[in-house]
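Residue numbers for the sequence shown follow numbering that gives the first Met the number 0, beginning at 0 and rising by one.
Just so it is clear, CB atoms sit at the ideal spot from N, CA and C, and this is done for glycine as well.
The structure displayed is predicted, hence computed values, not measured ones.
The structure appears right after this line, and notes come after that.
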Amino acid sequence: MRCEFSENYMALNSELSNIQARSLLIAIELSLALLIGFGLLAISLGSAAWILGGIAAGAIVYFSYRHLDPTIQPNRNARKAGQLIVGLSIGLSLPPDHLSGLASESFILLGLPFFLMAAGGAIGLLYARVEGIDLLTGLLATTPGNIGVMASLAADYEKSTAIVSLVQLMRFTTVIFAMPLIANVALPNASTHAIASFIHRAFTVEWSTFGIAGLMITIAVIVVHFATQIKVPLAAFLGAIVVGLGFELLSLFNDLFQISFPLIFSVIGQILLGMTIGEYWGINPRLKLTTVLKAIIPVGLMLFAGLIAAAAIHYFTHLSWLSCLLMAAPGGSPEMIAIALTLQQDPEIITIAHVIRLLTINLSLPFLLEFAAYQTAHQPTFK
């Protein structure tokens, strides 16, 4: 009895130590991300300064910490929290009357995800031949989906998680870094007093606004919990958008619900989104140089497919080139929508396009996996 109590006590102590270590890491990452973010803000990268700051902070902290704990894994709860906060701010920024006018763009909105998935499949087949891997690994590496989900599926099917994570990370990071630079060239912003202006806007907020925002986050957490229970894909992100849209709809009937989400909350959400990507880079195993160089091929082709899609959207619609690029970017849906909101570049249609793409990819995954697993069983590897 005493031995069992001792074991339970040690297990509880270990769990508490784990929680303390995780909390300390998050605090360090947030602090470092804010410092880096302010630096990026000063050089006019305001459209994604906080996401990029989060990526850099996550990579630095986890690369340093993995020497103390080699088993450390990215904090998925932090990314879910980031998706929830950013999802809320997106939902609150979408005027319902603007959404009704998007029906005319339905062909583009529905065609885009299928084009990107078809392109990802063709690129996956090519990459499997170039790298000498099985088709399932190639498709998991090149399907434009969530990094953690694709890597965990590779582990479930006993495939190379290192290769899948590498290609997905390179694709995702390239998109996240490239889009703010393109946006900065397309819509240059003066850096004068950028930091002072941000601090003023972030903290010149009534205390009641923070209270209402806290209530909204609580409601979103409850909605996301139930959405997770019924297996809604990307429940944290999509559930929060629905809650934000709900409050936006209520504001049409009563001004009491007309709420502006505090800027500081949105910043924390964007940092949390970036942190997880940086954490994956921090723990990524060392791979052969040839493997890394070969991974550039599918990443480059996926970006090229995104450019083709953007060109087609630009040709058939009235949207600007920047909006088309944000809509067709092969990865980083929450981040692309956040940039669109910051720059006010057609956030409504960009949000709808990414939501449809997320749903299409996640709902198609079981069929994609079955097909790839069947093909792999009959032809295990390409030589």
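Give me the residue from Leu-168, Cys-323, Val-266 with the minimum Cα distance to Ile-181.
If we check each option's Cα against that of Ile-181, Cys-323 comes out closest.
Pick helix, strand or coil for Ala-328, following the three-state DSSP scheme.
Coil, per DSSP.
When the Cα atoms are used, what is the spatial distance from Ile-338 to Ala-150?
26 Å
Ala-77 to Gly-53, Cα distance in whole Å?
11 Å
Alpha carbons only, please: which of Glu-369, Thr-359, Leu-340, Ile-312 is nearest the one belonging to Glu-104?
Ile-312
For Thr-275 versus Asn-74, is the C-beta spacing smaller than 8 Å?
In this structure, Thr-275 places its C-beta atom within 8 Å of the C-beta atom of Asn-74.
Using 8 Å as the threshold, is the segment 104-121 in touch with the segment 297-306, meaning 3 or more CB pairs across them?
Taking 8 Å as the limit for Cβ pairs, the verdict is that the segment 297-306 does touch the segment 104-121.
Along the chain, where does the alpha helix (DSSP H) containing Ala-80 start, and where does it finish?
Where Ala-80 is concerned, the enclosing alpha helix (DSSP H) stretches over 75-91.
Going straight from the alpha carbon of Ala-294 to that of Phe-114, what length do you get?
21 Å
Which one of Leu-93, Gly-273, Leu-168 has the shortest CA to CA distance from Pro-284?
Leu-168
What does the alpha-carbon distance come out to for the pair Phe-260 and Ser-22?
Going from the Cα of Phe-260 to the Cα of Ser-22 covers about 25 Å.
Give the single residue among Leu-67, Asn-361, Phe-37 whose Cα lies nearest to the Cα of Lys-230.
Looking at Leu-67, Asn-361, Phe-37, the one whose alpha-carbon comes closest to that of Lys-230 is Asn-361.
Closer than 7 Å by C-beta to Gly-331: which residues in its own chain qualify, once you throw out the five before and the five after it? Chain order, please.
Phe-171, Val-174, Ile-175
Alpha helix (DSSP H) containing Thr-275: first to last residue?
262-282
Less than 8 Å separating the beta-carbons of Leu-87 and Ala-239?
Taking 8 Å as the Cβ cut-off, Leu-87 and Ala-239 qualify as a contacting pair.
Would you kindly work out how many angstroms separate the C-alpha atoms of Tyr-8 and Ile-35, rounded to a whole number?
Because Tyr-8 sits at a pLDDT of 49, beneath the cut-off of 50, its placement in the model cannot be relied upon, and the following sentence gives the value as read from the coordinates. Those two C-alpha atoms are separated by around 40 Å.
How many Å lie between Ile-349 and Ile-282 at the Cα?
Distance between the alpha carbons of Ile-349 and Ile-282: 32 Å.
Whether or not the segment 259-273 and the segment 137-145 are in contact is what I'm after, with contact meaning three or more pairs of Cβ atoms, one per stretch, closer than 8 Å; do they touch?
No, they do not touch.
Residue range of the alpha helix (DSSP H) that Ala-118 falls in?
105-130
Starting from the N-terminal side, write out each stretch of the alpha helix (DSSP H) that is 4 residues or longer and does not extend beyond the segment 132-212.
134-141, 146-155, 160-185, 193-202, all fully within the segment 132-212.
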